[in-house]
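Only one structure is covered here, and it is reproduced in the block below.
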Amino acid sequence: MEHVDTVVVGSGFGGSVAAYRMAEAGRSVVVLERGRAYPPGTFPRSPAEIGRAFWDPEAGLYGMFDVWSFKGFDSVVSSGLGGGSLIYANVLLRKDERWFVTDLPGGRHEEWPVSRADLDPHYDAVEKMIGTAVYPLDRPPYDHTPKAHAMQDAAAELGLHYSRPPLSISFAPSPGAEPGVGLPLAEPPYGNVHGVPRRTCRLCGECDIGCNDGAKNSLDHTYLSAAAFHGADLRTEHEVKAIRPRPGGGYEVDYVHHDVNVRKGKRPVRTIACERLVLAAGTYGTTFLLLKSRAALPGLSGALGTRFSGNGDLLTFLLKAKDRDRVRPLDASRGPVITSAIRLPDALDGAPGAGPGAYIEDGGYPSFVDWMVPGLEPDEQIVRVVKFLWQRFVEFFKDAPDTNVSAELSDLIGDGALSVSSLPLLGMGRDAADGRLELRGGRLNARWSAESSQAHYARLRKTMRAMADVLGAEYADNPIWFRKRVVTVHPLGGAPMGRHEGEGVCDAFGEVFGHPGLYIADGAAMPGPVGPNPSLTIAAMADRLSTRALEDAANRGRSTHVPPRDGARRTQDAPGTGAGPASGEAGPPGGAGNGRAYGADSGRPERDRGTSSGAAAPTSLSFTEVMKGFVTFGEGDPRAGELAEAREHIAFRLTITADDVDRFLAEPEHTARAGGGWSPPAAGAGGPSCGAGSTAWRPRARRTAA
1 MEHVDTVVVG SGFGGSVAAY RMAEAGRSVV VLERGRAYPP GTFPRSPAEI
51 GRAFWDPEAG LYGMFDVWSF KGFDSVVSSG LGGGSLIYAN VLLRKDERWF
101 VTDLPGGRHE EWPVSRADLD PHYDAVEKMI GTAVYPLDRP PYDHTPKAHA
151 MQDAAAELGL HYSRPPLSIS FAPSPGAEPG VGLPLAEPPY GNVHGVPRRT
201 CRLCGECDIG CNDGAKNSLD HTYLSAAAFH GADLRTEHEV KAIRPRPGGG
251 YEVDYVHHDV NVRKGKRPVR TIACERLVLA AGTYGTTFLL LKSRAALPGL
301 SGALGTRFSG NGDLLTFLLK AKDRDRVRPL DASRGPVITS AIRLPDALDG
351 APGAGPGAYI EDGGYPSFVD WMVPGLEPDE QIVRVVKFLW QRFVEFFKDA
401 PDTNVSAELS DLIGDGALSV SSLPLLGMGR DAADGRLELR GGRLNARWSA
451 ESSQAHYARL RKTMRAMADV LGAEYADNPI WFRKRVVTVH PLGGAPMGRH
501 EGEGVCDAFG EVFGHPGLYI ADGAAMPGPV GPNPSLTIAA MADRLSTRAL
551 EDAANRGRST HVPPRDGARR TQDAPGTGAG PASGEAGPPG GAGNGRAYGA
601 DSGRPERDRG TSSGAAAPTS LSFTEVMKGF VTFGEGDPRA GELAEAREHI
651 AFRLTITADD VDRFLAEPEH TARAGGGWSP PAAGAGGPSC GAGSTAWRPR
701 ARRTAA
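Under this note's numbering, read the sequence shown as residues 1 to 706, first letter to last.
This is the structure in structure tokens:
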């Protein structure tokens, strides 16, 4: 049986980050991705290609659009090397600092096991690796992007906060260069797995159906190319079917290899073994795999399947915009899919009565020009597009009576949803994470509806209607909203993190309770909605997970196995949190090496297995406490300092180490060592620490072991 150090299931925002971090650290890594690779120029564009661009192996379809339809909502996710980054709209927003909570009945809130301060150094690492830029609206030819100006006008008129969010798009040929349309992109030092030249953004609005220019900094061009450079084995068309613990430690993974050239026939099941298994198949894929493998993974938390949400996604339309008696062009197809974001404040921000926070972003769609026969008039082009989309929708919905919205869609398209004066609006935010994913007849089923998040959706729709009024446009709900159905591209939860197994499936670092070495690195681990687009937060969580996993492996590797001499006991380094960046030792390469400690669950003591002579080595124990916050120099008011723009991160880390727990508990004179350090503001909360030395420490009162 093949055996490697790490198997990563899926290649989206969690899997690609974990694969890179593990490979860069010298681990043998295999990535199993069910979909195929899409070099620039190979994304489907013609009607015939789009007709086969869906994922359904039973029907011989191996495309990148995986469409799920449940009672109450529909969902679209991706299949392919790079996961959701192939079809997402490029936005990389950080989760708002005060939104790291889950709403509970009665207006109460429960804090997440992680905080913004925990994730900030990992946000930094991911942004640097992927490469981000805001839309250069202040210079030509980008200044001629009507939908971005319309968003600015609406926000200013309504007194809402407007921004141009960071986008994972290359507008310039190299970092720091002037932006330009269709310019050759410089290759990164790690090269590119596709070996195909890339060009800067052409402003064609095709981000959500795959960027054929390679201007989108999707994960195949960034993290996965870097992972391959460091030796990771990226295996496309490999779908994982089951997982189980391996006798003696580690895990076994069953998978099939889809040969897209052979449409029929049963695929043989193959198995690969690993020491570390990272599940990153997306919210649906990871939760489905865990549910199917539950019998093989005894002790999985009862929280499996819970805390599902759609991140508050809502799609609406502004139609027939006018400026006085003239048509106001919004031209949704010019530019990337999203250029702008309007933030609606949360009651947690100090806005009384605001309710859960939300974002509204402009939407876009492809111009479809390349689909048309040359010489067609504009009206004929639209008719051709409408007919094609209509056929696809009818085919998709014909076997789902509950979701048949033919008349509504016809009315919407007939009213000009694809015209130059129309604009889709994309809403998202903190909806209720009260859904559940479960198995029904061997298939994944979801129980969730928009009912418990009515206030969230009502607020979004009210604000969008106000935007329509400002822009002289007609407002139109998504047709399926009349059945109180939503479409989400951001499914989250199902295997949520928690402080203990009664609260979540995995801990704050993504490791599954009761199953060491099994990690969840995708949206399934979210204990609630992220609020803004969740991609960056998922990637930052995966970077943090990787730092912890590599430190665990390093601590195990530092244990000395010297045969005892003259009856002496073998020594063992503390397997807890004492060794790491806080004590002056460099962290793992890449990512954010910000130490093991992020909360009360940082120390995880292990026991030595003894020596060949039978003499037991002393059990050492180490735990770390980290206090994090902000400092604003020259400000005397704590509240004002907390909110000041000039605030900077600062952290203090204290590690207590008992080299011999038995003696520590039994002998009052036997001390433990205290050491630590602080992270100066210039270094950030996760940066290099200034050592605080160490001293002997004795507890005021002993605790007896349970």
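Ideal placement from N, C-alpha and C gives every residue a C-beta, glycine not left out.
Just so you know, these numbers come straight off a predicted model, no measurement behind them.
With 16 other Cβ atoms within 10 Å as the buried cut-off, status of residue i
| i | result |
| --- | --- |
| residue 330 | buried |
| residue 71 | exposed |
| residue 328 | buried |
| residue 627 | exposed |
| residue 221 | buried |
| residue 667 | exposed |
| residue 322 | exposed |
| residue 326 | exposed |
| residue 116 | buried |
| residue 196 | exposed |
| residue 713 | With the chain running from 1 to 706 in the structure shown, residue 713 is simply not present. |
| residue 6 | buried |
| residue 517 | buried |
Residues that residue i bridges to, as DSSP identifies them
| i | result |
| --- | --- |
| residue 54 | 65 |
| residue 506 | 497 and 512 |
| residue 323 | 326 |
| residue 216 | 169 |
| residue 284 | In DSSP, residue 284 forms no bridge with anything. |
| residue 254 | 242 and 271 |
| residue 633 | The partner list for residue 633 (beta bridge, DSSP) is empty, contrary to what the question assumes. |
| residue 189 | Per DSSP, none; premise fails for residue 189. |
| residue 309 | 492 |
| residue 335 | 204 |
Among the options, the one whose alpha carbon lies nearest that of residue i
| i | options | result |
| --- | --- | --- |
| residue 618 | 627, 361, 659 and 327 | 659 |
| residue 206 | 283, 86 and 30 | 86 |
| residue 14 | 113, 456 and 283 | 283 |
| residue 110 | 497, 173 and 343 | 497 |
| residue 621 | 346, 22 and 662 | 662 |
| residue 38 | 198, 169 and 124 | 198 |
| residue 310 | 74, 176 and 293 | 74 |
| residue 492 | 657, 230 and 285 | 285 |
| residue 313 | 430, 234, 339 and 332 | 430 |
| residue 200 | 58, 516, 182 and 624 | 182 |
| residue 426 | 463, 444, 671 and 443 | 463 |
| residue 635 | 647, 673 and 45 | 647 |
| residue 293 | 553, 160, 551 and 442 | 442 |
| residue 150 | 472, 433 and 532 | 472 |
| residue 364 | 354, 336, 347 and 351 | 336 |
| residue 499 | 527, 126 and 117 | 527 |
| residue 128 | 180, 466, 175 and 194 | 175 |
| residue 224 | 16, 281 and 122 | 16 |
| residue 488 | 84, 41 and 45 | 84 |
Close-in-space but distant-in-sequence residues of the same chain around residue i (CB under 6 Å, 5 per side omitted)
| i | result |
| --- | --- |
| residue 278 | 8, 18, 519 and 521 |
| residue 162 | 152, 155 and 342 |
| residue 81 | 11, 33, 37, 220 and 236 |
| residue 2 | 272 |
| residue 514 | 299 |
| residue 4 | 28, 30 and 274 |
| residue 420 | 329 and 331 |
| residue 43 | 210 and 212 |
Close beta carbons around residue i, own chain, < 8 Å, minus the five adjacent residues each side
| i | result |
| --- | --- |
| residue 62 | 35, 36, 55, 79, 237, 258 and 260 |
| residue 349 | 96, 98 and 357 |
| residue 143 | 137 |
| residue 157 | 470 |
| residue 178 | 172 |
| residue 65 | 53, 54, 55, 76, 78, 79 and 87 |
| residue 269 | 241, 254, 255 and 256 |
Rounded distance between the beta-carbons of residue j and residue i, thought under 8 Å
| i | j | result |
| --- | --- | --- |
| residue 334 | residue 203 | 6 Å |
| residue 93 | residue 166 | 7 Å |
| residue 502 | residue 541 | Not confirmed; about 21 Å, so no contact. |
| residue 440 | residue 306 | With a Cβ gap of about 16 Å, residue 440 and residue 306 do not count as contacting. |
| residue 318 | residue 475 | 6 Å |
| residue 240 | residue 251 | No, residue 240 and residue 251 are not in contact; Cβ-Cβ is about 11 Å, not under 8 Å. |
Same chain, Cβ closer than 7 Å to residue i, five either side skipped, listed in chain order
| i | result |
| --- | --- |
| residue 495 | 286, 287, 290, 304, 505, 506, 520, 524 and 525 |
| residue 132 | 92, 166, 167 and 168 |
| residue 229 | 190 and 191 |
| residue 444 | 284, 288 and 437 |
| residue 366 | 204, 205, 206, 209 and 333 |
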